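Peer 1: This is the structure I have questions about; it appears just below.
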Amino acid sequence: MINIRVLTIFPNIFESFLAYGNPARAIQMGLASVQPVDLRQFGDEPRRSTDDYPYGGGIGMIMKPEPIVRGIRSLEAYDVVTHKILLTPQGRKLKQEIVEELSHKSELLLICGRYEGIDERVRYFVNDEISVGDYVLSGGETAAMVLIDCIIRLVPGVLGSDSRIDGESFYNGLLEYPQYTRPRDFEDCQVPSVLLEGHHEKIRRWKRKMSLVKTMRNRPDLMKSITVDEEMEELLNEIESERLI
Ligand SMILES: C[S@@+](CC[C@H](N)C(=O)[O-])C[C@H]1O[C@@H](n2cnc3c(N)ncnc32)[C@H](O)[C@@H]1O
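Heads up, the sequence shown stops at 244 in numbering that gives the first Met the number 0, and the numbers go up one at a time, no gaps.
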């Protein structure tokens with residue numbers, strides 16, 4: 000069971016996201032709870048404001064530290080450690096290993112920025128800073144949805160018995176092999192014949208080889224971190240001699 004709270008000025012953004020697919024399923028099954036919380040309730044009176052002008056000039060508004068820290072203090076769990084994550088393009092870049100690490104926590108608090116960002120001092124009140132990629136979003140809510148989605152699908156029991164994660168992209172450091180469904184022939188593009196022959200060992204080997212080909216083509220940077228075993232060595236030689244790359 001994982002409890003995720005999200006501190007945001009736009010809690011309603013999460014409504015339809017939480018009503019579909021794995022997040023909805025996890026919540027219905029009691030395997031996860033996700034609670035978006037309106038940051039404005041911790042805002043400064045009289046107008047519950049959450050932002051102010053930047054010191055030193057500059058464009059736009061900055062989110063004030065006091066409402067966020069009041070929110071953090073009010074939402075932190077009493078009995079277990081709450082892992083508090085600031086969503087920011089300046090954080091450590093999200094990847095599957097980090098998702099796995101976070102999926103083992105029981106209490107997460109995600110803090111979403113808006114405008115030109117968050118007062119730097121908020122950093123002292125969190126445990127972690129995460130970026131969903133090297134680009135700038137308008138707000139932390141979409142980043143929070145990315146994080147919630149990929150964490151929730153790793154919570155045991157959330158994915159149905161017909162789904163498995165061990166062959167998925169990044170699980171073994173590689174991208175997943177190409178997938179096909181009916182029809183066999185689509186606009187003169189055929190499903191590879193090995194997948195139609197029902198020879199399980201040949202299919203397993205083909206999937207591993209194609210996983211390597213896909214990774215070498217699309218994400219050669221990932222190849223640097225993989226451990227090459229004997230079969231992989233053979234497959235790499237085949238890939239080279241068949242000029243698949
Ligand atoms: C417009 S951005 C502010 C960007 C900030 N001025 C900067 O250059 O670092 C507003 C908010 O969106 C969220 N955000 C934007 N890009 C993100 C990313 N790549 N990953 C996670 N959160 C992001 C953060 O919460 C951020 O405070």
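Each residue gets a CB set at the ideal place from its N, CA and C atoms; glycine is no exception. None of these values were measured; they are calculated from a predicted model.
Contact criterion: CB-CB distance below 8 Å. Does V193 meet it with respect to chain D?
Peer 2: The structure shown has no chain D; it contains just one protein chain.
Peer 1: List the residues that DSSP assigns as beta-bridge partners of D50.
Peer 2: Paired residues: M62.
Peer 1: Taking only three categories from DSSP, how would you classify L74?
Peer 2: Helix.
Peer 1: Which class does Q27 belong to by DSSP, given the choice of helix, strand or coil?
Peer 2: DSSP places Q27 in helix when its eight states are reduced to three.
Peer 1: Would you call the CB atoms of M144 and F16 closer than 8 Å?
Peer 2: Contact: yes.
Peer 1: Among residues of its own chain, excluding the 5 on either side of E167, which ones have a beta-carbon nearer than 8 Å to its beta-carbon?
Peer 2: Excluding residues within five positions, the ones whose Cβ falls inside 8 Å are E175.
Peer 1: Report the rounded CA-to-CA distance for E140 versus T180, giving the unit in angstroms.
Peer 2: So the alpha carbons of these two residues sit roughly 34 Å apart.
Peer 1: Give every residue of the same chain whose Cβ lies closer than 8 Å to the Cβ of R218, excluding the five residues on either side of it in the sequence, and list them in chain order.
Peer 2: The residues are L174.
Peer 1: List the endpoints of the continuous beta strand (DSSP E) containing I1.
Peer 2: Start and end: 1-7.
Peer 1: For a quick check, are the C-beta atoms of K63 and T81 less than 8 Å apart?
Peer 2: No.
Peer 1: Only counting the same chain, and skipping five residues up and downstream in sequence, which positions put a Cβ closer than 7 Å to that of I244?
Peer 2: The residues are V212, M215, R216, I238.
Peer 1: Three-state secondary structure (DSSP) at Q34?
Peer 2: In this structure, Q34 counts as strand in the three-state DSSP scheme.
Peer 1: Quick one: complete beta strand (DSSP E) runs, 3+ long, within the segment 82-165?
Peer 2: You should have 82-92, 106-110, 127-130.
Peer 1: Could you check what DSSP says for F185 in three-state terms: helix, strand or coil?
Peer 2: DSSP places F185 in strand when its eight states are reduced to three.
Peer 1: Can you determine whether any heavy atom of ligand 1 sits closer than 7 Å to the C-beta of C111, and answer yes or no?
Peer 2: Checking the Cβ of C111 against ligand 1 gives yes.
Peer 1: Quick one: Cα of E322 to Cα of I26, how far?
Peer 2: Within the shown structure, residues of the chain are numbered from 0 to 244, placing residue 322 beyond reach of any answer.
Peer 1: Tell me whether the beta-carbon of L108 lies closer than 8 Å to the beta-carbon of I1.
Peer 2: No. Outside cutoff.
Peer 1: Do you know offhand how far E96's Cα is from P45's?
Peer 2: Distance between the alpha carbons of E96 and P45: 44 Å.
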